[in-house]
Amino acid sequence: MSRDILLSIRGRQRYEDQEPEVIELVTEGTMDFREGGWDISYQESALTGLEGVTTTFRVEPGKVTLSRTGRLHSQMVFQEGEVHESLYQTDFGALMLAVKPTRVYFDIVPDGGMIDLVYRIEIENTAAGEIDYHLDIRGK
253 MSRDILLSIR GRQRYEDQEP EVIELVTEGT MDFREGGWDI SYQESALTGL EGVTTTFRVE
313 PGKVTLSRTG RLHSQMVFQE GEVHESLYQT DFGALMLAVK PTRVYFDIVP DGGMIDLVYR
373 IEIENTAAGE IDYHLDIRGK
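If you read the sequence shown in this note's numbering, its first letter stands for residue 253, the second for the next number, and so on.
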């Protein structure tokens, strides 16, 4: 059963030799419980530079998977203590991406919840920076 939700998303990206970039977004989405986990999905917009992309956070015991489909395709898996590599497909080509989470925390119930992700990222085996995501999820 799908439930309409309101998402408050705060992301901070810190890259080598650059000032941190902070993105804050409030958007509508959906939340579904299936196969023992939660799917939290929303449509990206021009504000994020990812217009035409659907983002889904799959929350399961012990891990969170972020998938993007549409104009670009990517999947990142977040498990504390685990490094996950994936192909990040863009309009300009594909890059190998490694995700090294330092914090994976979530508390999801049928009425909403929150997700906290902090991770380091490597692109083509080169350290690229650190990213923090915080999502607040509320039922509408």
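Quick reminder that beta carbons are idealized off the backbone N, C-alpha and C, glycines included.
Query: Coil, strand or helix - Leu324 by DSSP; Result: coil
Query: Beta-ladder partner(s) of Lys315, from DSSP; Result: Glu312
Query: Alpha-carbon spacing of Val370 relative to Tyr385, whole angstroms; Result: 6 Å
Query: Cβ pair count under 8 Å reaching 3, the stretch 369-383 against the stretch 331-349; Result: yes
Query: With 16 other Cβ atoms within 10 Å as the buried cut-off, status of Val361; Result: exposed
Query: Backbone CA spacing between Leu302 and Arg355 [nearest angstrom]; Result: 25 Å
Query: Backbone secondary structure at Leu302 - three-state DSSP; Result: coil
Query: Of the listed residues Arg266, Ala380, Ser326 and Leu299, nearest to Tyr340 (C-alpha basis); Result: Ser326
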